[in-house]
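Residue numbers (the numbering used here), protein chains in the order written: chain A, 175 to 498; chain B, 175 to 498.
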């Protein structure tokens, strides 16, 4: 392990329930990663204080001097402005116009880069994960919500205000299911873990036989997944429909951007073949044949660490991360 | 008018019913433009022969030598590969894998560039039209179908196979109206001129009073537009719904790409305020406020000439047109 000046980047993945802090080499190797709960009720100042303190503790514990740290990258819920590092609004954290970047620079006196959490995860998968062989990668994170990130020609595409990439709020069914954002029919309203649980809950009102009516635990995307693995037909149908909606959204991206690869991340992607098999089958029917044949539809490889690694990548590869 | 070497570009807009050929300066000024019918039944060889002959005749008639012509740009129905200039498939012309670029180089012995027709029109509007002040422009052509083009950071975004930008085949209503492409719920199935006429035709099955039931001419988007101008409520409702679907599609693009400007072109855009007023009103309700406030939603300025001017621009500004 090198201890050279500026050889280590801190990556922070700020989430609504927990924060991950990791140390990452310039080659994208995760050296160590720790996690602590996000105490939302304490407010943004306290959370940002703790992010800074934990980062310092982590590199000191690992025997690095401040000198060997190149900077700190943060993936944060958004929308946010990656140029100013101001988080515009994030319902989970109850933040509004929080100058995250400036506050971390103030506490750590080093280079800080801030980007959207799903963008950071996509950047991580492009840098050293499933998307590594490709120039263009569009990423989707399927978790509590659906996030997105776009890497084109090796550069993150941010758009002119820095708030592009919100693929989860692409409407795929006008006047369809209500999304937490207030619009109807967003991809997030069909393909997030939350939406999978909700759609299953609604399906239970029917009279189809299913083990899901007799659960002694709350209904979540995970319990639906487990029931599907055991062959439950209703749970299977929910995953097939989820795959259908996801295929519609992905096919839209293929038609608009024609990227080399799409990487699917987040907890729902852990369903693996149960999701990917019907997804590819639906996509094959919808997509322009030449696109379907040559585009990679991949599961992320970095798992829960994609955000931390990608956030560190914003520092390690600033020319890729900060353009566009 | 300069007659200097390489000072004039030929722009050709190849359509299913007619071909436009124009001469354009390096600054994007259209010097002259002519039109002739596309004799589809004669096949691609004859059509490409005529394109070449008409181009030569036009510049000779205008007193230019072959030496003063820098090259020929063509906007063609697609999907096509802008790198090889091969038109992959185009139902209107009944072409399949036609090496359009190579065949024109063969006939004219000069530089030829080929791109999708809607991409060329978008490039024209970005170069010297409504999108001129902006770095990023997403274009939509609303005509027989719905085409799209994407200019990001001043470069056309083609995607890795060269077939991105097909915004008209973004599904905005999964399992909705059948699109000519075979999928259901594409933007084209709601917002093309053809779709406007079809949706109106279906609405006539109801009992709402409308002048459109007593027409002595075929029902087209134009007749619906004229009825709406005269205050016909059904025609108005059709335009309002068209604007709603278009707003859904545009909001998707804003969320994904966050471009500075969206330019709407094609015959349907000629409806002007009748389309743009409800479009902006729907968009304001759907869009993230910060995006709505700062993004330009514009009507094209080059009208029917956008394709010719943009095709010429592929030659005049090859570094912008050929990247990405």
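We treat Cβ as the ideally placed atom computed from N, Cα and C, and that holds for glycine. Since we're looking at a predicted model, the values are computed, not measured.
Among the residues of its own chain, which have a CB less than 6 Å from the CB of residue 427(A), if the five just before and after it don't count? 312
Have a look at 363(A), 339(A), 342(A), 338(A) and flag the residue whose alpha-carbon is nearest the alpha-carbon of residue 350(A). 363(A)
Going by Cα to Cα distance, which pick from 240(A), 481(A), 309(A), 246(A) is closest to residue 222(A)? 246(A)
Between residue 346(B) and residue 361(B), is the Cβ-Cβ spacing less than 7 Å? yes
Contact belief for residue 261(A) with residue 250(A) at Cβ below 8 Å, rounded distance in angstroms: 6 Å
Below 9 Å on C-beta distance, what does residue 310(A) contact in chain B? 333, 334
Local Cβ density within 10 Å of residue 375(B), reported as buried at 16 or more and exposed below that: exposed
Anything in chain B within Cβ reach of residue 343(A), meaning under 7 Å, just list it in chain order. 429
Classification of residue 391(A) by the beta-carbon crowding that lies within 10 angstroms, buried from 16 upward: exposed
Inter-residue spacing [alpha-carbon to alpha-carbon] between residue 444(B) and residue 479(B): 13 Å
Which class does residue 275(A) belong to by DSSP, given the choice of helix, strand or coil? helix
Endpoints, the alpha helix (DSSP H) within which residue 423(A) is located: 407-431
Please give the ranges of any alpha helix (DSSP H) in the segment 299-367 of chain A, keeping only runs that are unbroken, at least 4 residues long and fully inside the region. 362-365
Simplified DSSP assignment, three categories, for residue 487(A): helix
Residue range of the beta strand (DSSP E) that includes residue 286(B): 286-290
Output, in chain order, the set of chain A residues within a Cβ distance shorter than 9 Å of residue 347(B). 345, 346, 347, 348, 349, 350, 359
Counting only Cβ pairs nearer than 8 Å, list the residues of chain A close to residue 464(B). 253, 262, 335, 337
Once the 5 residues before and after residue 420(A) are set aside, which same chain residues still bring their CB inside 7 Å of it? 365, 453
Around the C-beta of residue 498(A), are 16 or more other C-beta atoms found within 10 angstroms, so that it is buried, or is it exposed? For residue 498(A), the predicted model reports a pLDDT of 46, less than 50, meaning its position is unreliable and no value from the coordinates is stated.
Using the C-alpha atoms, what's the distance from residue 186(B) back to residue 177(B)? 20 Å
What runs of the beta strand (DSSP E), each 3 residues or longer, lie entirely inside the segment 212-283 of chain B? 243-250, 260-264, 269-272
For chain B, check one thing: does any of its Cβ atoms lie closer than 7 Å to the Cβ of residue 439(A)? no
Mind pulling the chain A residues with CB within less than 8 Å of residue 434(B)? 334
Using 7 Å as the threshold, is the C-beta distance between residue 209(A) and residue 227(A) below it? no
Proximity test, Cβ basis, 7 Å: residue 288(A) and chain B: no
Assuming the contact rule is C-beta atoms closer than 8 Å, residue 470(A) and residue 434(A) should be a hit. Round their C-beta distance to whole Å, please. 6 Å
So, at 6 Å on beta carbons, what are the nonlocal neighbours of residue 358(B) in its own chain, with the 5 sequence-adjacent residues on each side left out? 349, 350, 352
Does the structure place the segment 395-413 of chain B close enough to the segment 299-318 of chain A that three or more beta carbon pairs sit under 8 Å? no
Please list, in chain order, the chain A residues whose beta carbon lies closer than 8 Å to that of residue 266(B). By Cβ distance, chain A contributes nothing, its closest Cβ being about 16 Å from residue 266(B), past 8 Å.
Nonlocal neighbours in the same chain, by C-beta distance under 7 Å from residue 302(B), ignoring five residues either side: 202, 483
Roughly how many angstroms separate the alpha carbons of residue 456(A) and residue 220(A), rounded to a whole number? 46 Å
Can you find a CB in chain B that lies within less than 7 Å of the CB of residue 422(A)? yes
Go through its chain and collect everything with a Cβ distance to residue 257(B)'s Cβ below 6 Å, but skip five positions before and after it. 336
Could you have a look at residue 435(A) and say whether DSSP puts it in helix, strand or coil? strand
Contact list for residue 468(A) against chain B, beta-carbon separation under 9 Å: 334, 335
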